[in-house]
Amino acid sequence: MNVLVVGSGGREHALCWALKKSPRCTRLYCAPGNAGIADVATLVPINAEAVEEITSWAVANAIDFVVVGPEGPLVLGLADRLREAGIPVFGPSEQAAALEGSKGFMKDVLREAGVPTAWYSRFTDIDAAKAYVREKGAPIVIKTDGLAAGKGVILCQSIDEALSALDDMMGARIFGDAGNEVVIEQFLVGEEVSFFAIADGETAVPLIAAQDHKAVGDGDTGPNTGGMGAYSPAPVFTPALQEEVMRTAILPTVQRMKDRGTPFCGVLFCGLMITADGPKVLEYNVRFGDPECQVLMSRLDSDLLEALLAAAEGRLSDVNMRWKDETALVVVMAANGYPGTYEKGTVIGGLAEAGACDGVTVFHAGTKQQDGQVVATGGRVLGVTATGRTVREAQAKAYAGVDALNWPGGFCRRDIGWRAVARES
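When we follow numbering that gives the first Met the number 0, the leftmost residue of the sequence shown carries the number 0, and every step to the right adds one.
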């Protein structure tokens with residue numbers, strides 16, 4: 000098969016790395032890709048959100064299957080255009096991608112399906128939103144309805160903080176049109192987990208869970224980021240909890256999307272809070288997480304291409320996903336200054352040395368080749384990933400990989416996996 004992966008981040012590098020192992024993968028392409036992806040796939044210089052251009056290229060180059068990595072192209076309808084052109088694709092339609100494209104729509108679906116989640120209300124009027132905040136009190140959560148590059152969620156500890164967040168989102172419009180509508184919801188307390196399942200429009204099968212580290216600094220301090228590291232399995236997410244989440248959240252959501260006439264085919268990334276009252280869904284994303292995808296693919300012990308193709312063709316009942324017993328852990332290397340203003344174009348050395356460390360794979364997120372060197376182009380730049388028999392072993396291997404790099408322009412957290420290491424101890 001000729002396979003095209005759409006995207007340019009660490010998630011797409013991990014997907015390409017896993018898809019390349021399939022005996023059915025004859026040629027692998029990635030649009031637009033990055034310097035690391037170039038080692039496993041042929042790069043196609045088309046932006047991930049150039050929907051018509053990607054579709055035309057896929058038709059002209061006899062692509063048999065497309066895997067869409069990021070949410071942006073899905074919300075723009077890339078999967079619909081590809082299906083109209085007769086090309087099988089793993090990824091939801093534009094209407095189904097609204098589960099991530101609109102937080103209000105997602106919450107409405109959860110309510111209709113009876114899925115455990117936080118109470119909420121939707122607002123397009125800032126005065127009504129402020130009145131609701133004053134009525135409910137704090138702590139409380141304010142979210143943009145639309146996509147805001149992972150930054151549109153503000154956890155407010157006081158009423159004044161919440162009112163200020165509304166002024167920023169709906170008044171100053173710091174997130175643009177994403178803040179035309181906001182969702183205000185209950186602040187949930189517990190331990191957060193990322194759980195993944197793949198759906199074919201009719202049913203879903205579980206993948207595995209991971210835990211992400213959103214804060215930029217050690218000890219979960221500082222501003223939130225797109226993710227500074229992750230590990231899998233997540234000890235807090237027991238087999239009994241997985242069964243409960245499939246029964247009370249994933250399968251009812253897939254059924255509700257089918258009943259609405261917008262069947263969901265793709266990956267459901269379920270952000271969960273494990274509360275004292277049980278697991279509650281924080282949000283759905285309609286693509287693999289980044290950096291969670293890196294640890295999922297490192298633990299996968301079956302053919303990724305076969306599984307994604309089965310979902311796209313509506314035959315998930317044929318799929319048996321197998322996972323290694325090992326722990327996988329990824330440490331994200333980010334450019335100095337991230338998540339604020341960060342420097343681009345710094346040269347990254349030591350990549351071969353890091354990749355040669357025991358059990359280590361270096362996934363690229365924001366890189367390109369320039370004058371024979373690899374340079375940083377993004378905020379989150381590398382995902383140094385390792386596997387081990389325990390979390391502590393995987394952690395030690397990953398940081399050995401980090402320490403083999405020669406990149407003064409980058410930094411990382413030094414405590415990825417701390418919760419699980421504490422549990423092991």
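The beta-carbon is built from N, C-alpha and C at its ideal position, and this holds for glycine as well.
As the structure is a computational prediction, the values presented were derived from the model and not from experiment.
| Check | Outcome |
| --- | --- |
| Local Cβ density within 10 Å of valine 294, reported as buried at 16 or more and exposed below that | buried |
| Segments of 4+ residues assigned as alpha helix (DSSP H) that fall wholly inside the stretch 352-422 | 390-403 |
| Spatially closest choice to threonine 224 from Ile86, Ala161, Ala334, by CA coordinates | Ala334 |
| Three-state secondary structure (DSSP) of lysine 279 | strand |
| Burial state of glutamine 394, where buried means 16 or more other Cβ atoms lie within 10 Å | buried |
| Close-in-space but distant-in-sequence residues of the same chain around glutamate 342 (CB under 7 Å, 5 per side omitted) | Ala334, Asn335, Gly336, Gly408 |
| Buried or exposed (CB count within 10 angstroms, at least 16 for buried), lysine 20 | exposed |
| C-beta contact flag for isoleucine 249 and alanine 209 at 8 Å | no |
| Exposure label - aspartate 79; buried when at least 16 CB within 10 Å | buried |
| Spatially closest choice to methionine 0 from Ala17, Ile45, Ala34, Val65, by CA coordinates | Val65 |
| Proximity below 8 Å, CB of lysine 396 to CB of glycine 382 | no |
| Where the beta strand (DSSP E) through glutamate 426 begins and ends | The structure shown does not extend to residue 426, since the chain spans only 0 to 424, so no value can be given for it. |
| contact_flag[the stretch 232-239, the stretch 148-161] where n(CB pairs < 8 Å) is 3 or more | no |
| Host alpha helix (DSSP H) of lysine 102 (start-end) | 102-112 |
| Glutamate 99 in three-state terms, based on DSSP | helix |
| Three-way DSSP call (helix, strand, coil) for serine 193 in this model | strand |
| Which residues DSSP lists as bridging methionine 272, in chain order | Glu191, Lys279 |
| Supposed close pair serine 157, alanine 137 - CB separation, criterion 8 Å | 5 Å |
| Collapsed DSSP secondary structure at threonine 252 in the structure displayed | helix |
| Euclidean distance between Cα positions of tyrosine 131 and threonine 274 | 24 Å |
| 8 Å Cβ cutoff met for lysine 286 and phenylalanine 268 | Inspection of the sequence shows that residue 286 is occupied by arginine rather than by lysine. For arginine 286 and phenylalanine 268, yes; Cβs fall inside 8 Å. |
| Valine 58 burial status per 10 Å Cβ neighbour count (16 or more: buried) | exposed |
| DSSP three-state assignment for cysteine 264, whether helix, strand or coil | strand |
| Exposure of proline 44, with buried meaning 16 or more beta-carbon neighbours within 10 Å | exposed |
| Backbone secondary structure at isoleucine 153 - three-state DSSP | strand |
| 6 Å CB neighbourhood of isoleucine 36 in its chain, flanking five on each side removed | His12, Cys15, Cys29 |
| Burial state of arginine 255 (16 or more Cβ within 10 Å) | buried |
| Sequence ranges, beta strand (DSSP E) only - wholly within the stretch 202-235, length at least 3 | 203-211, 214-216, 220-223, 228-231 |
| Inter-residue Cα distance where the pair is serine 316 and glutamate 305 | 12 Å |
| Exposure label - glutamate 134; buried when at least 16 CB within 10 Å | exposed |
| For isoleucine 53, the nearest candidate out of Leu73, Glu191, Tyr230 (CA to CA) | Leu73 |
| Beta-carbon gap between aspartate 289 and glycine 354 smaller than 8 Å | no |
| Selection from Cys411, Asn46, Leu240, Val182 that minimises the alpha carbon distance to glycine 378 | Cys411 |
| Within 8 Å, strictly: CB atoms of methionine 320 and glycine 189 | no |
| Expected contact under 8 Å - CB spacing of alanine 448 and valine 67 to nearest Å | In the structure as shown, the chain starts at 0 and stops at 424, and residue 448 therefore has no counterpart that could be examined. |
| Per DSSP, cross-strand counterpart(s) of isoleucine 139 | Cys155, Gln185 |
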